[in-house]
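Peer 1:
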Amino acid sequence: MSSALLLVTESYVTSLLVQTSFYGLYMATFGVCLRWLLFADEGWRLRKPLDWPMLVATIVIFASYTILLGADAWLTMESIKGFALIPYYTYALGALTIAATAVIVLVTDAVMIYRCWKVYNKSWRITVLPGLFWLGCLISFIMVFYYNYQSNVLLTVKPLTVQILNQAETVVTQSRNSHAALYPFNAATNIYTTIAIIVRIMRKSSEASGRSVKRLQHLCRILAETGFLYTLSTIPPLVTYFLDPTKYLLANQVTTTINYYLAGIAFNLVLIRVGQSRAEAGDSQVTDRQKLISGHHHRHPSSSSQGQSVTMGEAERGMISTTSALGSGRVITHQ
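This is how it looks when you write it as structure tokens:
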């Protein structure tokens with residue numbers, strides 16, 4: 004086996020090991036995430052109504068990760084065998100990995116933009132800039148797909164001349180450049196939407212008091228932590244794309260794998276932590292009612308405190324679902 008093929012095989016095997024580890028972490032968060040999407044906050048009663056948009060997005064992301072892992076495992080095994088697959092079959096598996104990755108990135112980013120739109124009371128102006136960033140991600144994936152197809156066409160030409168090999172190398176370089184362009188757009192989408200949602204919630208928290216303020220601040224912390232976790236992971240693969248691919252292919256494969264899996268893990272963590280926060284708030288409200296009935300509290304909730312609780316519910320709904328917006332003025336009841 005040549006040194007070039009050995010380097011590719013080493014990067015594939017190492018990347019697959021990292022991928023299986025992070026797939027296990029993702030599956031752990033996926034199972035808990037389904038619990039909060041399918042069942043009521045207390046017990047195992049089916050949640051009514053189900054948040055279908057978020058549930059469908061979660062399942063689509065799960066299916067994409069499973070397809071991605073299967074395709075990469077197959078490519079790795081064939082790489083160990085010495086690329087026994089015919090070029091077209093190899094290209095088909097590669098195209099499948101690109102499509103699965105595109106679905107993961109585009110769906111998670113689209114959900115963040117949708118949350119931002121809902122939290123800002125369905126204002127389209129707030130979504131213009133992140134929408135352009137999202138289109139940048141989409142165009143980057145289309146270009147990667149196109150250049151991979153072009154390289155496959157060139158490598159199937161018989162006989163393979165030096166000129167054709169040089170053309171294929173140029174196409175591969177263009178594919179790498181298109182892939183590198185994805186990360187700034189992806190990071191910009193997440194940074195913009197995360198900050199926009201936090202700013203909106205903090206403005207609403209200034210109108211609240213007591214427990215509502217703490218819960219709104221907790222929502223901001225959830226978004227900031229998960230957003231920072233994922234955005235930070237986009238930096239290493241972007242850096243490795245500007246390094247010599249013959250020397251740093253392994254680093255690029257590993258950092259790219261970690262970045263893609265943290266997208267789904269961060270997506271699930273937001274749903275899990277907001278669901279847990281909502282359940283804890285429900286427990287505290289039950290305790291307050293019990294104290295009120297037993298005579299420990301003689302003050303009935305005022306109209307201002309009722310308005311604060313509506314704001315809190317709407318803030319959570321804007322993050323975890325797609326059924327309300329901050330400032331919409333509707334009373335939200337949680338199942």
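Residue numbers (my numbering): 4 to 338. Using N, Cα and C, we set each Cβ at its ideal position, and we do this for glycine too.
#1: My understanding is that residue 227 touches residue 111, with C-beta atoms under 8 Å, so please give their C-beta distance in whole angstroms.
#2: Which same chain residues end up closer than 8 Å to residue 49 when comparing Cβ atoms and leaving out the 5 residues on each side of it in sequence?
#3: Roughly how many whole angstroms lie between the Cα atoms of residue 333 and residue 155?
#4: Is the number of C-beta pairs between the region 171 to 186 and the region 132 to 150 that are closer than 8 Å three or more?
#5: With respect to the alpha helix (DSSP H) encompassing residue 75, which residues constitute its N-terminal and C-terminal limits?
#6: Along the chain, where does the alpha helix (DSSP H) containing residue 1 start, and where does it finish?
#7: Buried or exposed, going by whether 16 or more other CB atoms sit within 10 Å of the CB of residue 130?
#8: I'd like the span of the alpha helix (DSSP H) that includes residue 197, first residue to last.
#9: Measuring straight from C-alpha to C-alpha, what distance separates residue 28 and residue 119?
#10: Is it a yes or a no for the region 270 to 277 touching the region 234 to 251, going by three-plus beta-carbon pairs under 8 Å?
#11: May I ask which residues mark the beginning and end of the alpha helix (DSSP H) holding residue 237?
#12: Can you pull the DSSP bridge partners for residue 42?
#13: For residue 276, which residues from the same chain have a beta carbon less than 6 Å from its beta carbon, with the 5 sequence-adjacent residues on both sides left out?
#14: Relative to the alpha-carbon of residue 2, which residue among 108, 195 and 84 has its alpha-carbon at the smallest distance?
#15: So, residue 67 versus residue 257, is the Cβ gap smaller than 8 Å?
#16: According to DSSP, is residue 33 helix, strand or coil?
#17: By DSSP, does residue 252 sit in helix, in strand, or in coil?
#18: Alpha carbons only, please: which of 113, 11 and 167 is nearest the one belonging to residue 135?
#19: According to the Cβ coordinates, are residue 24 and residue 252 closer than 8 Å?
Peer 2: Considering the structure as presented:
#1: Not really, about 17 Å apart at Cβ, beyond 8 Å.
#2: 41, 42 and 43
#3: Here residue 333 scores only 35 on pLDDT, less than 50, and its place in the model is too uncertain to base an answer on.
#4: yes
#5: 55 to 84
#6: Not covered by the structure: residue 1. The range shown for the chain is 4 to 338.
#7: buried
#8: 165 to 208
#9: 27 Å
#10: no
#11: Counting along the chain, residue 237 falls outside any alpha helix (DSSP H), and DSSP gives it neither H nor E.
#12: 49
#13: 225
#14: With the chain represented from 4 up to 338, any question about residue 2 goes unanswered, as that position is not in the structure.
#15: no
#16: helix
#17: helix
#18: 113
#19: No, the pair does not count as a contact, with Cβ atoms beyond the cut-off.
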